[in-house]
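Just below is one structure, and these are the notes that go with it.
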Amino acid sequence: MNDESITVTLPAKVIVRIVQDHSLIEAHNIGRDTFYTSSLFWDCECEEHYIHPVYQDQCLLCGARREDQPDARVDEILNHTRGLPSDLLQVIEKLADQICPHLNAIPF
3 MNDESITVTL PAKVIVRIVQ DHSLIEAHNI GRDTFYTSSL FWDCECEEHY IHPVYQDQCL
63 LCGARREDQP DARVDEILNH TRGLPSDLLQ VIEKLADQIC PHLNAIPF
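In case it helps, this note's numbering puts the sequence shown at residues 3 to 110.
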């Protein structure tokens with residue numbers, strides 16, 4: 003077994019999302035700055051606790067719906083881990099180490 007591998011059990015909605023998106027972390031460019039988002043989490047309209055796992059379809063506080071909101075930024079996911087599902091965080095941490103080891107701060 004490879005020491006780099008991880009094993010997690012993911013909810014069915016997450017598996018469907020992975021298959022649909024074909025990528026869990028996507029790079030975006032604003033000018034010369036690059037930032038990364040993940041389809042495993044999304045942002046609602048709340049000022050705090052605005053990051054939700056993909057299998058949560060709606061924010062109970064602001065009412066925002068997953069399909070109308072953007073994917074969450076990887077740097078924000080990693081900096082706001084409290085209350086987020088540890089199995090999905092493991093996936094993000096592992097992928098971020100490989101795909102975007104030097105995350106940029108928010109460019110705006």
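By construction, the Cβ of each residue, glycine as well, lies at the ideal position given by its N, Cα and C atoms.
Model, not experiment: these values are computed from the prediction.
Integer-rounded CB distance, given that residue j should sit under 8 Å from residue i
i: Leu80; j: Glu95; result: 7 Å
Within 9 Å, strictly: CB atoms of residue i and residue j
i: Phe43; j: Val56; result: yes
i: Ser40; j: Leu63; result: no
i: Asp99; j: Arg75; result: no
i: Cys61; j: Glu47; result: yes
i: Ile101; j: Glu78; result: no
Counted within 10 angstroms of its Cβ, other Cβ atoms place residue i as buried (16 or more) or exposed
i: Asp73; result: buried
i: Thr83; result: exposed
i: Pro87; result: buried
i: Arg34; result: exposed
i: Val93; result: buried
i: Phe110; result: Model confidence at Phe110 stands at a pLDDT of 42, short of 50, so the residue's coordinates are unreliable; what they give is reported in the following sentence. So Phe110 ends up on the exposed side.
i: His30; result: exposed
i: Leu90; result: buried
Inset, instruction - Output the residue ranges of the beta strand (DSSP E) runs that lie fully inside the stretch 32-84 and measure 3 residues or longer, sorted by chain position. - result: 35-45, 53-55, 73-75
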